[in-house]
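Participant: Mind having a look at this structure? Questions to follow.
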Amino acid sequence: MPTYNNPEFKADLATIADRANCRLIVSNQYTRPEDTIAAYAVCSRTAKLKSQPTHVTMCEDAFFDLMLAQVDHAEILPFFINPAVKALMDHDAENKTELLPTMDAYLESGENLTHTARQLFIHLNTLRYRLKHISDITGIDLKDAETCFKLGASFKVRRYLNHNKLTFTR
1 MPTYNNPEFK ADLATIADRA NCRLIVSNQY TRPEDTIAAY AVCSRTAKLK SQPTHVTMCE
61 DAFFDLMLAQ VDHAEILPFF INPAVKALMD HDAENKTELL PTMDAYLESG ENLTHTARQL
121 FIHLNTLRYR LKHISDITGI DLKDAETCFK LGASFKVRRY LNHNKLTFTR
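Mapping the sequence shown onto the UniProt record's numbering, position 147 (from 1) lands on 147, and the numbers just tick up by one.
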């Protein structure tokens, strides 16, 4: 198990895929032979996803997209996007601000202020100001883990819709 989660292992796989000019889909680790059929099914479905453009895809990294792909009617997916995300999209469009990418970066960095500020090339105080502004506009509490989970899921749904060229209206 430690090898599977090791960044060097993933880098080695990427090197192999590049040299062979191929794409690798890596299933979750399993020990029971009877799990092979399920692992193969997950790998096959992962290979068909449009949102996995890398040479090496770990199936666990695609689980959210795999779940979304199982929704019978893709037109309902936009309703899974939190209203706060939609409000920030509108606010950014009207005011030429960068609040939505700020919130996305904040959530992607595990709500780490320092990492987010570095990623966005902004001062820590600027980030704090933006996050307070986001909370003021939306009424959300970015210190609440459940809220952050829901918002992160909303961004994943949004990316899935964009990757699959599905329509999204506000």
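Where a beta carbon is used, it is the ideal one built from N, C-alpha and C, also for glycine.
Predicted, not measured: the structure shown is a model, and the values here were computed from it.
By a C-beta neighbour count over all protein chains shown, 10 Å radius and 16 as the cutoff for buried, is glycine 152 buried or exposed?
Facilitator: By the 10 Å Cβ count, glycine 152 comes out buried.
Participant: Starting from isoleucine 122 and walking both ways along the beta strand (DSSP E), at which residues does that stretch end?
Facilitator: Premise fails: isoleucine 122 is in no beta strand (DSSP E) and is neither H nor E.
Participant: Is there contact here, the stretch 40-51 with the stretch 61-77, by at least three beta-carbon pairs under 8 Å?
Facilitator: Verdict: yes, contact present.
Participant: Can you tell me which of Arg23, Ser27, Asp18 puts its alpha carbon nearest to the alpha carbon of asparagine 5?
Facilitator: Of Arg23, Ser27, Asp18, the residue nearest in Cα terms is Ser27.
Participant: Does the Cβ-Cβ distance between threonine 57 and isoleucine 25 come in under 9 Å?
Facilitator: In this structure, isoleucine 25 lies closer than 9 Å to threonine 57 by Cβ.
Participant: In the DSSP output, which residue or residues are listed as bridge partners for arginine 42?
Facilitator: Reading off the sequence shown, one finds valine at residue 42, where the question assumed arginine. The partner list for valine 42 (beta bridge, DSSP) is empty, contrary to what the question assumes.
Participant: Could you name each continuous alpha helix (DSSP H) segment of 4 residues or more that falls completely within the stretch 33-83, going from the start of the chain to the end?
Facilitator: As far as the stretch 33-83 is concerned, its whole alpha helix (DSSP H) runs of at least 4 residues are 36-48, 59-69.
Participant: Near arginine 23, which residues of its chain fall below 6 Å by C-beta distance, leaving aside the five closest residues on each side in sequence?
Facilitator: Result list for arginine 23: His55, in chain order.
Participant: In the DSSP assignment, what residue or residues form a beta bridge with valine 26?
Facilitator: Met58, per the DSSP bridge assignment.
Participant: Taking the Cβ atom as the reference point for each residue, do threonine 138 and alanine 93 lie within a distance shorter than 9 Å?
Facilitator: The answer is no: Cβ separation not under 9 Å.
Participant: Starting from the C-beta of lysine 150, find all residues in its chain whose C-beta is less than 7 Å away, skip the five residues before and the five after it, and write them out in chain order.
Facilitator: Correct list, in chain order: Asn82.
Participant: Serine 109 to threonine 116, Cα distance in whole Å?
Facilitator: Going by the C-alpha atoms only, they are around 6 Å apart.
Participant: Where does tyrosine 129 fall in DSSP's three states?
Facilitator: Tyrosine 129: helix per DSSP, three-state reduction.
Participant: Count the C-beta pairs between the stretch 96-104 and the stretch 123-139 that are closer than 8 Å, then say yes if the count reaches three, no if not.
Facilitator: The stretch 96-104, when compared against the stretch 123-139, does touch it at the 8 Å Cβ threshold.
Participant: Roughly how many whole angstroms lie between the Cα atoms of tyrosine 31 and lysine 10?
Facilitator: Before going further, note that residue 31 is threonine rather than tyrosine in the sequence given. Straight-line Cα distance between these residues: approximately 20 Å.
Participant: For lysine 165 versus leucine 68, is the C-beta spacing smaller than 9 Å?
Facilitator: Result no, Cβ atoms of lysine 165 and leucine 68 do not sit closer than 9 Å.
Participant: Alpha carbons only, please: which of Val42, Thr3, Pro53 is nearest the one belonging to histidine 163?
Facilitator: That would be Pro53, whose Cα lies nearest to the Cα of histidine 163.
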